[in-house]
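Residues in the sequence shown are numbered consecutively from 25, following this note's numbering.
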Amino acid sequence: MADIKASLKARLNPRLYYALSKLKRTLRRSPSPTTRSSLLKYHFAGEPSAQAALDIFRGEWASRFPPPFSELEAGKNSLFEDARVRWALSQFGDVQGKSILELGPLEGGHSYMLERAGFGSVLAIEVNTHAYLKCLITKEITGLSHTRFLCGDFIKYLRNSPPKFDAVFACGVLYHMESPAELIELLSQVTDQVFIWTHHYAPRNPQQAAGFSGPQAAEYKGFSHTLFRKDYGDALDFAGFCGGPHRGWTWMKREDILACLKYFGFVDIRTSFDELDHPNGPAFTIVAKKGTVSKDRTEV
Ligand SMILES: C[S@@+](CC[C@H](N)C(=O)[O-])C[C@H]1O[C@@H](n2cnc3c(N)ncnc32)[C@H](O)[C@@H]1O
Numbered sequence: 025m026a027d028i029k030a031s032l033k034a035r036l037n038p039r040l041y042y043a044l045s046k047l048k049r050t051l052r053r054s055p056s057p058t059t060r061s062s063l064l065k066y067h068f069a070g071e072p073s074a075q076a077a078l079d080i081f082r083g084e085w086a087s088r089f090p091p092p093f094s095e096l097e098a099g100k101n102s103l104f105e106d107a108r109v110r111w112a113l114s115q116f117g118d119v120q121g122k123s124i125l126e127l128g129p130l131e132g133g134h135s136y137m138l139e140r141a142g143f144g145s146v147l148a149i150e151v152n153t154h155a156y157l158k159c160l161i162t163k164e165i166t167g168l169s170h171t172r173f174l175c176g177d178f179i180k181y182l183r184n185s186p187p188k189f190d191a192v193f194a195c196g197v198l199y200h201m202e203s204p205a206e207l208i209e210l211l212s213q214v215t216d217q218v219f220i221w222t223h224h225y226a227p228r229n230p231q232q233a234a235g236f237s238g239p240q241a242a243e244y245k246g247f248s249h250t251l252f253r254k255d256y257g258d259a260l261d262f263a264g265f266c267g268g269p270h271r272g273w274t275w276m277k278r279e280d281i282l283a284c285l286k287y288f289g290f291v292d293i294r295t296s297f298d299e300l301d302h303p304n305g306p307a308f309t310i311v312a313k314k315g316t317v318s319k320d321r322t323e324v
């Protein structure tokens with residue numbers, strides 16, 4: 025170090041060397057006004073409130089809070105009062121005191137509905153750190169007491185021999201996976217009943233097919249299927265981006281998703297909310313169960 029200093033001193037103009045040394049000493053002595061003000065920007069010195077907590081992520085919220093919190097300003101989508109969750113609950117049967125694993129809770133709106141419905145424990149795993157922190161704010165505002173949020177990749181959690189759950193809730197995540205078939209197989213290891221809401225590949229017009237590569241033949245543990253991939257592209261620039269940790273979407277055909285569930289042991293499969301004209305592409309909901317096929321099942 026002393027050698028470097030001596031060689032710099034010898035080579036630099038003495039006035040420049042002196043100015044640089046002075047700057048170094050000043051930087052060491054005290055934080056610059058810029059550093060102090062950039063730290064102060066993380067302070068909220070107003071009266072404490074739920075809105076102040078929400079405003080940490082102002083402009084990034086997707087969900088509108090339900091009564092008695094509906095005066096709060098967050099997002100616009102009714103994820104705390106979602107008909108798809110009500111349908112899932114009607115298919116699950118008795119959920120009182122049961123355990124559920126939720127994949128990708130985003131802001132905790134569905135977690136809130138699941139806890140309110142009576143699940144005794146909701147474990148929700150979120151990969152996006154902003155979304156994870158928003159879930160914690162939701163938990164604090166709405167007083168969730170049986171819900172835990174973990175920050176990380178649920179695929180890594182599922183690969184690591186987790187405990188069994190009475191149900192799994194997988195809304196809006198299957199088509200974000202590198203290998204959707206792997207997710208279905210991992211779910212079959214941890215539960216006997218799963219709810220899925222997902223897009224499926226069935227383009228209705230050239231716009232819906234734009235950007236997808238494929239068909240790509242794929243095989244996972246003996247299950248043959250077809251994949252269609254698309255990079256996230258500009259979607260990554262959106263502050264409320266809610267995709268997965270990989271480079272893009274991987275969509276399957278509707279019939280492949282249902283066949284995959286059967287291949288990995290789910291026998292009682294019900295579908296609903298078929299939306300071929302969903303603005304982001306065809307979508308539907310599924311509740312798939314193991315065991316015996318019940319009589320009220322809709323044939324798929
Ligand atoms: C399209 S959003 C759906 C959010 C919510 N479940 C819903 O249906 O409104 C996908 C969510 O899953 C999260 N996610 C995607 N891949 C994940 C992964 N591998 N592990 C954990 N969370 C993931 C995203 O960060 C995002 O919050």
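Every residue gets a Cβ at the ideal spot worked out from N, C-alpha and C, and that includes glycine.
Within 10 angstroms of the beta-carbon of I80 lie fewer than 16 other beta-carbons, which makes it exposed. Here the segment 249 to 266 does not lie against the segment 184 to 191, with fewer than 3 beta-carbon pairs under 8 Å apart.
Counting along the chain, Q217 sits inside the beta strand (DSSP E) bounded by residues 217 to 223.
Scanning the segment 169 to 206 from its first residue to its last, the whole alpha helix (DSSP H) runs of 4-plus residues come out as 178 to 183.
For D79, the enclosing alpha helix (DSSP H) stretches over residues 74 to 79.
Runs of the alpha helix (DSSP H) lying entirely within the segment 89 to 120 and spanning at least 4 residues, in chain order: 107 to 116. The Cβ atoms of A242 and L251 sit closer than 8 Å to each other.
Annotated three-state conformation of A234 is coil, per DSSP. Assigned with DSSP and collapsed to three states, T274 falls in strand. When the alpha-carbon of L157 is set against those of S169, P129, R140, F178, the nearest one is in P129. With at least 16 other beta carbons inside 10 angstroms of its own, D280 counts as buried. G167 has its CB no nearer than 7 Å to any heavy atom of ligand 1. Beyond the five residues adjoining it in sequence on each side, S94 comes within less than 8 Å, by CB distance, of R88 in the same chain, given in chain order.
The residue from D298, Q232, I149, G144 with its alpha-carbon nearest to that of S169 is G144. Residue state for A226 is assigned as coil, using DSSP reduced to three classes.
In the three-state DSSP reduction, T316 falls in the coil class, being neither helix nor strand. Cβ-Cβ distances below 7 Å link H154 to F81, E84 in the same chain, with the five nearest sequence neighbours on each side left out; the list follows chain order. Straight across, the Cα-Cα distance linking H134 with E150 is about 13 Å.
Residue environment for G176: exposed (fewer than 16 other C-beta atoms within 10 angstroms of its C-beta).
For T295, the beta-bridge partners assigned by DSSP are I310.
Judged by beta-carbon spacing, F290 lies beyond the 8 Å limit of F308, meaning their Cβ atoms are not closer than that value. Placement of the Cβ of P129 at a distance of less than 7 Å from at least one heavy atom of ligand 1 is found. A241 sits in a strand when the DSSP states are folded into three classes. By the neighbour-count criterion, in which 16 or more other beta carbons inside 10 Å mark a residue as buried, Y66 falls on the exposed side.
Pairing L96 with E131 gives a Cβ-Cβ distance that is not under 8 Å.
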